[in-house]
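Residue 339 is where the sequence shown ends in the numbering used here, and the numbering goes up by one at each step. Ideal placement from N, C-alpha and C gives every residue a C-beta, glycine not left out.
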Amino acid sequence: MIQYLIIQLDDTSTSFCYYENSGKARRLIALDDLKAGIFFAMKQNLSIQFVYPDYELPDEYKETIETIDHSKIVPVGCREEADVMVFNDWNTFLSFQFASGQTYVLRTSKKDFFDKYLSLDCILPRIYRLNIVFTDIADFTDVDFTIYKQVLQAISKMISACYAQGENPQLNLLTDRIMLDRMNNCNAGWESITLAPDGKFYVCPAFYLEGEEAAIGDLKKGLDIKNPQLYRLDYAPLCRICDAYQCKRCIYLNRKTTLEVNTPSHEQCVVSHLERNAARALLAVTRQSGNVCMKNVEIKEIRYLDPFDIIKK
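Structural data, given as structure tokens:
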């Protein structure tokens, strides 16, 4: 059931997920389409997330946006107040003056993350929440998996140190699994849809980049999602019984790597299970230190990193 409407305000609006938006030509959504999108969300009782470009919007757009409750996802160069601020490089990220209570997204390659993760030690105590998004997750290798496991162990120590000082930063790679008791995936096409600058609906902003043939409806005719059940978790036999609850299960990556919207790639599964196991270890260390806030949380030990490997055997 659709709960969220993402409105991409411009062709150059920032990516906040795995897809790369390399568009340079500005194309602002028509003001009438923006108003119609807001009206659509109001009729359907949907929460709205606006995704901003890196330039200032005209005043009439700002005024229209403020007519409804919403969240703003903005690139770091945007002057708008943000609910979520997105970084696309480490240099800007490391030199930024962080604000408490703010959510940040850092899109990074695996190499840059492996090279620079130690810098998180001085950043985690200063922020409320950080989401790390790998822009090349589909390219993870067995060597990368080994490195990633070690990196997660190191970051777990940073978070444990924060806990000891009374700080409780959220990092999607580790703390989300501890806090969740059910799957919290992408769910594009089922719980969220995107209104693009061309006035058409898409499963998510990544699908808009593939052209209007990927559209799933428009503002005049409404939604037309083919085989909508395939976007649902209960139609994914392995994912629905998996307990790597923090896995994004990205619909776009699923289709790109496996040709099925409800089937994650090997790389997504292994990365998510490495995070799950690291969260389990972090939870154990936290309990040993006497923290009782998470006493009802249980993450069981498992002996696999990709559920599909069990089927193959």
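Under 9 Å, do Pro195 and Tyr154 count as touching if we go by C-beta distance?
Looking up residue 195 in the sequence shown gives position 169. Looking up residue 154 in the sequence shown gives position 128. Yes, the pair counts as a contact, with Cβ atoms nearer than the cut-off.
Tell me which same chain residues have a C-beta within less than 8 Å of the C-beta of Glu327, skipping the five on either side of it?
For the purposes of this step, residue 327 is taken as residue 301 along the sequence shown, with counting starting at 1. Closer than 8 Å at Cβ, skipping near neighbours: Arg306.
With burial defined as no fewer than 16 other Cβ atoms inside 10 Å of the residue's Cβ, what is the status of Ser315: buried or exposed?
The sequence position of residue 315 within the sequence shown is 289, counting from 1. Answer is exposed; the Cβ neighbour count stays below 16.
Ser362 - DSSP class collapsed to helix/strand/coil:
Shown here, the chain extends from 27 to 339; a query on residue 362 therefore has no answer.
Integer Cβ distance of Phe139 from Ile163, believed to fall under 8 Å:
Along the sequence shown, read from residue 1 onward, the residue named residue 139 stands at position 113. Along the sequence shown, read from residue 1 onward, the residue named residue 163 stands at position 137. Between Ile163 and Phe139 the Cβ distance is about 11 Å, and since that is not below 8 Å, they are no contact.
Can you check the segment 162 to 211 for any alpha helix (DSSP H) of at least 4 residues that lies completely inside it and give the ranges in chain order?
168 to 190 and 201 to 205
On a CA-only basis, which of Gln29, Ala125, Ala190 and Thr134 is nearest His96? Give me that one, please.
By one-based count along the sequence shown, residue 96 stands at place 70. It is Gln29.
Quick one: what does DSSP say Leu72 is sitting in, helix, strand or coil?
To locate residue 72, count along the sequence shown from 1; it is residue 46. Leu72 falls in the coil class under three-state DSSP.
Nearest candidate by alpha-carbon position, reference Trp116, set Ile277, Ser126, Asp109 and Leu132
The sequence position of residue 116 within the sequence shown is 90, counting from 1. Taking only the C-alpha atoms, the option nearest Trp116 is Leu132.
Would you mind sorting Ala310 into buried or exposed? The rule is 16 or more other CB atoms within 10 Å of its CB.
Here residue 310 is taken as the residue at index 284 of the sequence shown, counted from 1. The residue in question, Ala310, is exposed, as its Cβ has fewer than 16 Cβ neighbours within 10 Å.
To the nearest angstrom, how far is the alpha carbon of Phe66 from that of Leu245?
The count along the sequence shown starts at 1 and reaches residue 66 at position 40. The count along the sequence shown starts at 1 and reaches residue 245 at position 219. If I take the Cα positions, the gap works out to 8 Å.
Pairing CB atoms from the segment 164 to 172 with CB atoms from the segment 198 to 218, are three or more of them under 8 Å?
no
Using the DSSP secondary-structure output, state which residues sit across from Pro79 in a beta bridge.
Residue mapping note: residue 79 aligns to position 53 of the sequence shown, counting from 1. For Pro79, which the question treats as bridged, DSSP gives no partner whatsoever.
Give the secondary structure of Tyr30 by DSSP, where H, G and I count as helix, E and B as strand, and everything else as coil.
Against the sequence shown, residue 30 aligns to sequence position 4. Reduced to three states, the DSSP call for Tyr30 is strand.
The beta strand (DSSP E) enclosing Ile219, as first and last residue numbers:
Locating residue 219 in the sequence shown gives position 193, counting from the first residue. Where Ile219 is concerned, the enclosing beta strand (DSSP E) stretches over Ser218 to Leu221.
Buried/exposed call for Thr40, threshold 16 Cβ in 10 Å:
Locating residue 40 in the sequence shown gives position 14, where the first residue counts as 1. By the neighbour-count rule (16 or more Cβ atoms within 10 Å), Thr40 is buried.
Along the chain, where does the beta strand (DSSP E) containing Pro101 start, and where does it finish?
Against the sequence shown, residue 101 aligns to sequence position 75. His96 to Pro101 is the extent of the beta strand (DSSP E) around Pro101.
Top-ranked residue by Cα proximity to Val177, from Val229, Arg329, Leu156 and Leu199:
What you label residue 177 is simply residue 151 of the sequence shown in a count that begins at 1. The candidate whose alpha carbon is nearest that of Val177 is Leu199.
What did DSSP end up calling Asp260 once you bin it into helix, strand or coil?
As a first step, residue 260 is located in the sequence shown; it is residue number 234 there, counting from the start. Asp260: helix per DSSP, three-state reduction.
Could you tell me the boundaries of the alpha helix (DSSP H) in which Tyr87 lies?
Position 61 of the sequence shown, counting from 1, holds the residue named residue 87. That run of the alpha helix (DSSP H) goes Asp85 to Ile91.
How far does the alpha helix (DSSP H) with Thr284 in it reach, from first residue to last?
For the purposes of this step, residue 284 is taken as the residue at position 258 of the sequence shown. Run containing Thr284: Ile277 to Thr284, per the alpha helix (DSSP H) assignment.
Consider the Cβ of Pro151: report whether some Cβ of chain D lies at a distance smaller than 9 Å.
Among the chains in the structure shown there is no chain D, since it carries only a single protein chain.
Tell me whether Phe122 sits in a helix, a strand or coil according to DSSP, three-state version.
Here residue 122 corresponds to residue number 96 of the sequence shown, with the count starting at 1. Of the three classes helix, strand and coil, the one that applies to Phe122 here is coil, per DSSP.
DSSP three-state assignment for Lys321, whether helix, strand or coil:
Against the sequence shown, residue 321 aligns to sequence position 295. Reduced to three states, the DSSP call for Lys321 is coil.
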